[in-house]
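Accompanying notes for the structure given below.
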Amino acid sequence: MSNEDDVLDTVLDEREVEIAKAAQRCIVAALDHSRAVSVVLIEEGAEHTNDGSPTLQLPPKILRLFADMLGFLSQGKPVAVIPKEMDLTTQQAAMMLNISRPYLVRMLDAGEIPFHKVGSHRKVTFDDVRVFKEKRRARSLDALRELSEQAQEQGMGY
1 MSNEDDVLDT VLDEREVEIA KAAQRCIVAA LDHSRAVSVV LIEEGAEHTN
51 DGSPTLQLPP KILRLFADML GFLSQGKPVA VIPKEMDLTT QQAAMMLNIS
101 RPYLVRMLDA GEIPFHKVGS HRKVTFDDVR VFKEKRRARS LDALRELSEQ
151 AQEQGMGY
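What follows is the structure, encoded as structure tokens:
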């Protein structure tokens, strides 16, 4: 990734949306009809892969990732690819969790999310933030389910 603008500027224009939709359909169709350990993409018009034309051989898992990204992009949703072990600043992590940085720092100091220090700066891995966010969402859904059950038991009509 060359710079932050490239990562954030993934919104497509109308023509690119149509291309992304078509590419997603092609990839999904290829994956649905194949149990191969890899899929080879060849240049349009090439007779076969032995003619020296450019080919791209990818495992199905990677093609599924591409198909998912193309689907999001064609819906106008920006996409960023981030390594799971990438270090985030406390500000980036707080923004991802939709909380204030001081509140995040208190959570880090309380041991709710693992972190490490680089010099005097706290760093949190993307994966640790993602895991915390998923657990927090699951707790919220459980609490909502429990409240709904209590309302049903008490005949509150929810």
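In terms of full-length UniProt numbering, the sequence shown opens at residue 1 and continues consecutively. Glycine is no exception: its CB is placed at the ideal position from the N, C-alpha and C atoms.
#1: Quick one: complete alpha helix (DSSP H) runs, 4+ long, within the UniProt domain "Helix-turn-helix" (88-137)?
#2: Tell whether a beta-carbon distance below 8 Å holds between residue 124 and residue 78.
#3: How many whole angstroms separate the CB atoms of residue 23 and residue 70, which I take to be in contact at a CB cut-off of 8 Å?
#4: Does residue 74 pass the burial test, meaning 16 or more other C-beta atoms within 10 Å, or should it be called exposed?
#5: For residue 163, does the count of other Cβ atoms within 10 angstroms reach 16, so buried, or fall short, so exposed?
#6: Ignore the nearest five residues each way along the sequence and tell me which others in residue 105's own chain have a CB closer than 8 Å to its CB.
#7: With a threshold of 7 Å on Cβ separation, who are the neighbours of residue 20 within its own chain once the five nearest residues in sequence on each side are excluded?
#8: Hey, residue 107 and residue 129: beta-carbon distance below 8 Å or not?
#9: Can you tell me the Cβ-Cβ gap for residue 27 and residue 63, rounded? I've got them flagged as a contact below 8 Å.
#10: Which residue marks the beginning of the alpha helix (DSSP H) containing residue 32, and which one marks its end?
So, from the listed chains and residues:
#1: Listed in chain order, the alpha helix (DSSP H) runs fully inside the UniProt domain "Helix-turn-helix" (88-137) are 90-97 and 101-109, counting runs of at least 4 residues.
#2: One thing to note: residue 124 has its Cβ no nearer than 8 Å to the Cβ of residue 78.
#3: Taking 8 Å as the upper bound for CB-CB distance, residue 23 and residue 70 are in contact here, some 5 Å apart.
#4: Per the 10 Å Cβ criterion, buried.
#5: Outside the modelled stretch of the chain, which goes from 1 to 158, sits residue 163, for which no answer is possible.
#6: So the qualifying residues of the chain are 90 and 122.
#7: Cβ neighbours of residue 20 beyond the five flanking positions: 12, 70, 73 and 74.
#8: No, the pair does not count as a contact, with Cβ atoms beyond the cut-off.
#9: 5 Å between Cβ atoms; contact.
#10: Its alpha helix (DSSP H) spans residues 14-32.
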